[in-house]
Amino acid sequence: MEHLFHAFSRVQKGLDDPNVLLELFQRHENLNDPSTVSVDDRIRLLDFPPRSVQDESIASVTTLTKKELVKRGAEFPAALSENEMKLLMARYWLDGMKCHIDDAFMNALDILEDIKEDYSTEVCDRLDRFREPLYDENECKAIENAEAQCIRRRKAENEQELQQDLARVFAEGKPWLQQLWQEDGSKPWGYAVFESPQFVADPKYDVFKGEQKKAMERSLCRIGSGLEIYRRYKMETQSWPSQMSSTHRFLEVVDKLRQEFKNRRNGGSLSDGLLPNVFLYLDHECATSLFVAHGHVDAMWIWAVDPDYECENDPTDGYQGYVRVGFKQLVDNFYVARRWQSDLSMKDLWNAAQRESNKVFASVEPENPDKLPLRIESNNVAPESLRLFHPIRND
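Throughout, the working numbering is defined as the position within the sequence shown, counted from one, plus 4.
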């Protein structure tokens, strides 16, 4: 209980001592007689400001008296103005209206939860039961209703913002985004990603992840994803299979990852919303493309692997069940092809990639109007940051 008293606004402002409040609480809780609590002590235990400050705060946000305000809050919470609602939630502390989240209170709850699971609920309920008889008529209900009304209003505002966001997406974004929302709604969407342990241990790994994040942000903005669909896109890193080394030959690694992905997919452990017919593989070689791209998204790519590919001993056409995919197309043409275009196989996408100078998939169309010309020469000298990478692919 002492942790909650430390979080009281009166204590935070130096108006009360938490130990004195705890002693006061324990004395009156054991007596179980609210009538013995003085008016001043009620104000202290309810964590209200002095009565004169309460009146000043109320007068600054409404023409109602305190009695009229709490009656409105208790009986007609929908009629509360925004400031009236916030003042009740802030327990008449005018400066408390500026923030809906009380950091000191949240910290106190965290401490209580560390002591015992659900202990914070137990302690808060105990304090609420004790304080309920200390309120003026309608006051406890008014504060509870103000908090509930705030939640309802924020939900309504969020829903309105969502509908406005989606309206912009459907009017200005890629047409397939509307189909994605209609089919999935608020579900996540994206890919499972395996990351080479050797690459994860590289000093430049964190730099790469930061650049990758920025590249995907630009790519999502480019398709007009809007905020809600943007938030739900994910490239979910998968745990590396135990007892599997990334020092094997590239084809051996990819083949083992195929089996691992299928085991997780077929066992139901693949997260909801991740494409089940492809996964991504990040190693030094594709990371290299990001660093030589100098921010040019078209030049950044990653391995996309068909988990259901049956290995051939000597493929005559060069296709071996994987393809380079540009970051930009992970949230556009490639995603559409793997999600909805069942007539297009991964081999078809690989064939399309072979038309590109860098063998990176951009589109199944021979002429792709969305694809900007690459501005990176093949004989460019790698920047200093790239020299920390050591590609190990040996097919």
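Beta carbons: idealized from backbone N, C-alpha and C, even for Gly.
Enumerate in chain order the residues of its own chain whose CB-to-CB distance from residue i is below 6 Å, with the five nearest sequence positions on each side excluded.
i: His10; result: Pro22
i: Ile147; result: Leu92
i: Met248; result: Lys260
i: Pro373; result: Low confidence applies to Pro373: its pLDDT is 43, below 50, so where it sits in the model is not reliable, and the reading given next is rough at best. Once the five neighbours on either side are set aside, Pro373 has no close Cβ partner at all.
i: Gly322; result: none
i: Glu33; result: Phe134
i: Met239; result: Gly194, Tyr195 and Val197
i: Pro81; result: Asn149 and Gln153
i: Glu264; result: Pro245
i: Asn270; result: none
i: Trp180; result: Val340
i: Glu314; result: none
i: Val43; result: none
i: Arg268; result: Leu274
I'd like to know whether the C-beta atoms of residue i and residue j end up nearer to each other than 8 Å.
i: Val340; j: Ala308; result: no
i: Ile227; j: Asp336; result: yes
i: Val57; j: Leu138; result: no
i: Leu84; j: Val65; result: no
i: His7; j: Ile115; result: yes
i: Ile306; j: Phe283; result: no
i: Met93; j: Cys154; result: yes
i: Gln324; j: Leu255; result: yes
When you measure from the CB of residue i to every non-hydrogen atom of the ligand MN, does any distance come out below 7 Å?
i: Val197; result: Inclusion of the ligand MN in the displayed structure is not the case, the ligand content being empty and no account of it being possible.
Rounded to whole angstroms, how far is the Cβ of residue i from the Cβ of residue j, which I believe are closer than 8 Å?
i: Leu261; j: Phe212; result: That pair is no contact at about 19 Å.
i: Leu286; j: Ser349; result: Contact flag wrong, Cβ pair sits at about 23 Å.
i: Arg14; j: Asp51; result: 6 Å
i: Phe29; j: Phe174; result: No, Phe29 and Phe174 are not in contact; Cβ-Cβ is about 56 Å, not under 8 Å.
i: Asp140; j: Val74; result: 7 Å
i: Leu26; j: Met5; result: 6 Å
i: Pro53; j: Trp97; result: 6 Å
i: Gly77; j: Asn149; result: 5 Å
i: Lys71; j: Asp59; result: With 8 Å as the limit, Lys71 and Asp59 do not qualify as a contact, their Cβ atoms being about 11 Å apart.
i: Pro311; j: Lys351; result: About 14 Å separates the two Cβ atoms, so there is no contact after all.
By Cβ distance below 7 Å, which residues in the same chain neighbour residue i in space, the five residues on each side in sequence not counted?
i: Phe203; result: Tyr209, Leu286, Asp287, His288 and Ala291
i: Pro38; result: Pro137 and Leu138
i: Met304; result: Ala219, Ser293, Leu294, Ala297, Gly330 and Phe331
i: Arg343; result: Leu279
i: Thr241; result: Val197 and Glu199
i: Lys178; result: Ile227, Gly228 and Asp336
i: Phe365; result: Val327, Arg328, Val329, Gly330, Gln333, Phe338, Leu353, Ala356 and Ala357
i: Asp20; result: Phe12, Arg14 and Arg48
i: Ala231; result: Reading off the sequence shown, one finds Leu at residue 231, where the question assumed Ala. Only Asp169 meet the Cβ criterion.
i: Gly100; result: Ser13 and Ala94
i: Arg31; result: none
i: Lys145; result: Ala78
i: Glu215; result: Leu294
i: Glu143; result: Val74
Starting from the C-beta of residue i, find all residues in its chain whose C-beta is less than 8 Å away, skip the five residues before and the five after it, and write them out in chain order.
i: Tyr237; result: Pro192, Trp193, Gly194, Met220, Leu224, Ser229 and Val335
i: Ser246; result: none
i: Val24; result: none
i: Lys363; result: Arg328 and Ala357
i: Ile62; result: Leu68, Thr69, Lys70, Leu73, Leu91 and Tyr96
At the 8 Å Cβ level, is residue i part of the contact set with chain B, yes or no?
i: Glu232; result: The question asks about chain B, but that chain is absent: this structure has only one protein chain.
**OP:** Please go through the region 104-192 and give each complete alpha helix (DSSP H) segment of 4 or more residues, from N-terminal end onward.
**Re:** 107-119, 123-135, 143-176 and 180-188
Original post:
Taking the runs of the alpha helix (DSSP H) that are 4 residues or longer, which of them lie wholly in the region 243-284?
Top reply: 254-270
Subject >> contact_flag[the region 277-286, the region 178-195] where n(CB pairs < 8 Å) is 3 or more >> reply: yes
Subject >> Runs of alpha helix (DSSP H) wholly within the region 17-80 (minimum 4 residues, chain order) >> reply: 22-35, 43-49, 55-65 and 70-79
Subject >> Every unbroken alpha helix (DSSP H) within the region 311-354, with a cutoff of 4 residues, ordered by chain >> reply: 331-334 and 337-343
Original post:
What are the complete beta strand (DSSP E) segments, minimum 3 residues, inside the region 187-245?
Top reply: 193-199 and 237-241
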